[in-house]
Structures are given as C-alpha cells and as structure tokens.
Amino acid sequence: MSHADRLKGGKVAEARRRELGAFLQEKRRSLRPESVGLPPGTRRRTPGLRREEVALLADVSVSWYTWLEQGRDIHPSVGTLTRVLDALRCTSEEGAYVRGLLSGVASPPGDTWDPALQQVLGAFLPAPAVLLDRHWRPVAVNDAARYLDRGGRADVLDGRSLLELMFLDEAVRASVVNWEEEARALVAAFRLDSSRYPDDGWFARQVAALSEASAEFTRLWAERQVRAHGSARTVMRHPEVGELVLNASWLQVMGAPHLKLLVYTVEPGSPTAAVFARLASER
C-alpha cells in the first residue's frame, strides 16, 4: 500500500470515528434518566444523560466512554460495545450502524448487475419495481415504474441517486404527497447503509453535496436517525390519474449484496390497483 493510500485510509477512519462520537452523543442526549432506571437527580443544564451515567450503565470508566465519544482510536470488545449499546437503548438497526462504523470491513468490489434481472423486474408487473445499485442509483425499472416516473416527470435512470431525486428535483418532490415522511425514512436508511461500505468515499461525498444543496437534507441528516428499509406507505400524485397509494418494500438480491430491489405493491381492489391493472392490459 502506498503512502497516499495509507493517508486516505487514515482520513476515512478518522471521519468514521467522528461520526460515531456524534451519533453516541445524540443518543445520550435523547434519553431521560428515568427511562433507563436512574433517578432524575438535580436540574440539568443540558438534556439527556450525562457521560458518567452512560459509563455507569455500561460498566466502563468515564474516561474510556469520553474517549469513545471524542472519536479516539480505540477498539472495544464485543461485550463492551454491547453494554454501551444497551445503555444507550440502541435499536438493532442502530447497533448495526455503530458496528459498521467500527468494523472497517472492506466493501465488495464492483457494481455490476446481471441483465437477466430486467426480466425479474418484468415478472413483478403490474407492480412497479426498481433495481438500485449500492449508491442508491436506479439502474433498471419495469414498465409500471416508468409510468410512475412520468408522474414525477423525471428520468430516474439518468445516474442520480434516490436521495438526489428526492431532495434536489422539485418535480419529484411535488409528486410525493407524504414527502416529509418518505424523506426522513430514506435518510435514516441511507445512514445505516453507508456504514456497510467503510472504504467507499462516495457516501461522504454524497452527504457533503446534499448538505450544501439542501437545507432539508441537512436538517434530517442532523437528526442521526438509523432505520433499516421496511415496508412503508407511499402516496404519489400522478398528472394523468391523480393520487396513487402504494406500499413500498425493499428486497435484497441474493448473490449481489450491493443491489436493492424496490417494489411497490397495491391494495387489491383499490383505485390504484385498477390503474396498474389497466396499464398491464394495454401492454
């Protein structure tokens, strides 16, 4: 490894430790003493738990925990880290995020995808389906998804990420009725996903670019929420048929962990189902 590579790797590791410290601080400040079994105590100048209280709950020294929040280069054991996560009442997704920040495991090489997956997308019809790469860029869609794209008046295959479409494309934003809810969920899932690719500088560059271009992204990113993708209700406004109510589900592609499959299903017998049934019959 060259000196330049080592220097770059050191900067990435330092940035990850800073993010870890900031995340732990945010979690600590979000907790009330009584919620973790501690007495309220005297009036607090700042909200949340004190560092010494977290250290007490996790059975670690105050100095050690302070170093962890400060982003020092320390390597907690599995047991010690588990106690810290438990003390901060971290969810399983938040725990995975923290472990990802600490692991530094290299991400799998390449972002290729098998063209045969285009046929898989077609098999989901009449449901819209989108294939995304690890940078959250749509790389393939089926006909029903193209119909949705026309509603947002955006070409989702133009190389932009899903977050760039949501935060920087006014037409896409206008087409998502429950935009705030959708945007918050996307940012929380993106934060978790970014920890899985510690050596990929694209994620940091994406956050920097979005933070500069969008005050709303900056606000949601600062919340430091972490959630895995789950099924969620999405309401989209289409210029031809009005509102479409869809259930978004995220699936992993077996054998290609860098790919995600986003599928929109509809309630049987609903007006939205009728729209996509008609679309399928016209193919």
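When you line the sequence shown up against this note's numbering, it's residues -16 to 266, in that order.
Built from N, CA and C at the ideal position, the CB exists for glycine as well.
**Asked** Within the chosen definition, does the segment 121 to 129 reach the segment 150 to 159 through at least 3 CB pairs nearer than 8 angstroms?
**Response** Between the segment 121 to 129 and the segment 150 to 159, the count of C-beta pairs closer than 8 angstroms stays below three; the two stretches do not touch.
request  = Spatial neighbours of Thr255 within its chain, please: CB distance less than 6 angstroms, with the 5 preceding and 5 following residues excluded, ordered by chain position.
outcome  = Working through the sequence shown from its first residue, we reach residue 255 at position 272. Cβ neighbours of Thr255 within its own chain (closer than 6 angstroms, five residues either side excluded): Leu227, Val228 and Val249.
Asn125 and Leu104 closer than 7 angstroms at C-beta:
For the purposes of this step, residue 125 is taken as the residue at position 142 of the sequence shown. For the purposes of this step, residue 104 is taken as the residue at position 121 of the sequence shown. Yes. Within cutoff.
| query | Mind checking Ala196: buried by the 16 CB within 10 Å criterion, or exposed? | reply | Your numbering for residue 196 matches position 213 in the sequence shown. That one is exposed.
query: Helix, strand or coil for Val122 per DSSP?
result: As a position in the sequence shown, residue 122 is number 139, starting the count at 1. Reduced to three states, the DSSP call for Val122 is strand.
**OP:** Could you tell me how far apart the beta carbons of Val(-5) and Gly184 are, in whole angstroms, since I believe they sit closer than 8 angstroms?
**Re:** Stepping through the sequence shown from its first residue, residue -5 is reached at position 12. Stepping through the sequence shown from its first residue, residue 184 is reached at position 201. Indeed they touch by this definition, with Cβ atoms about 7 angstroms apart.
key: Cα-Cα separation, Ala112 to Leu68   = Taking the first residue of the sequence shown as position 1, residue 112 is located at position 129. Taking the first residue of the sequence shown as position 1, residue 68 is located at position 85. Cα to Cα, Ala112 sits roughly 36 angstroms from Leu68.
- request: Give the straight-line distance between the Cα atoms of Gly135 and Gly225, rounded to the nearest whole angstrom.
  value: Here residue 135 refers to the residue found at position 152 of the sequence shown. Here residue 225 refers to the residue found at position 242 of the sequence shown. Legend: pLDDT at Gly135 = 49, less than 50; position of this residue unreliable, no value from coordinates given.
With a cut-off of 7 angstroms, does the C-beta of Ala239 fall near any C-beta of chain C? The chain inventory of the structure shown lacks chain C, comprising one protein chain alone.
* Look up Met219 in the DSSP assignment and give the residues it is bridged to. => Position 236 of the sequence shown holds residue 219. Met219 pairs with Val159 and Leu227.
Quick check on DSSP: helix, strand or coil for Thr49? Within the sequence shown, the letter at position 66 stands for residue 49. Of the three classes helix, strand and coil, the one that applies to Thr49 here is helix, per DSSP.
Checklist entry - Gly252: buried (16+ other C-beta within 10 angstroms of its C-beta) or exposed? => result Locating residue 252 in the sequence shown gives position 269, where the first residue counts as 1. Here Gly252 is exposed. Its C-beta has fewer than 16 other C-beta atoms within 10 Å.
Just verifying my parser: in three-state terms, what is the DSSP assignment at Arg65? Walking along the sequence shown from the start, residue 65 turns up at place 82. Reading off the sequence, residue 65 comes out as Thr, not Arg. Three-state DSSP puts Thr65 in a helix.
**Request:** Just mark Arg207 as buried or exposed, buried being the case when its beta carbon has 16 or more other beta carbons within 10 Å.
**Result:** Locating residue 207 in the sequence shown gives position 224, counting from the first residue. Arg207 is buried by the Cβ-count criterion.
* To do: Would you decide whether Gly83 is buried or exposed? Buried here means 16 or more other CB atoms lie within 10 Å of its CB.
  => Numbered from 1 along the sequence shown, position 100 holds the residue referred to as residue 83. Only buried fits Gly83, as 16 or more other CB atoms lie within 10 angstroms of its CB.
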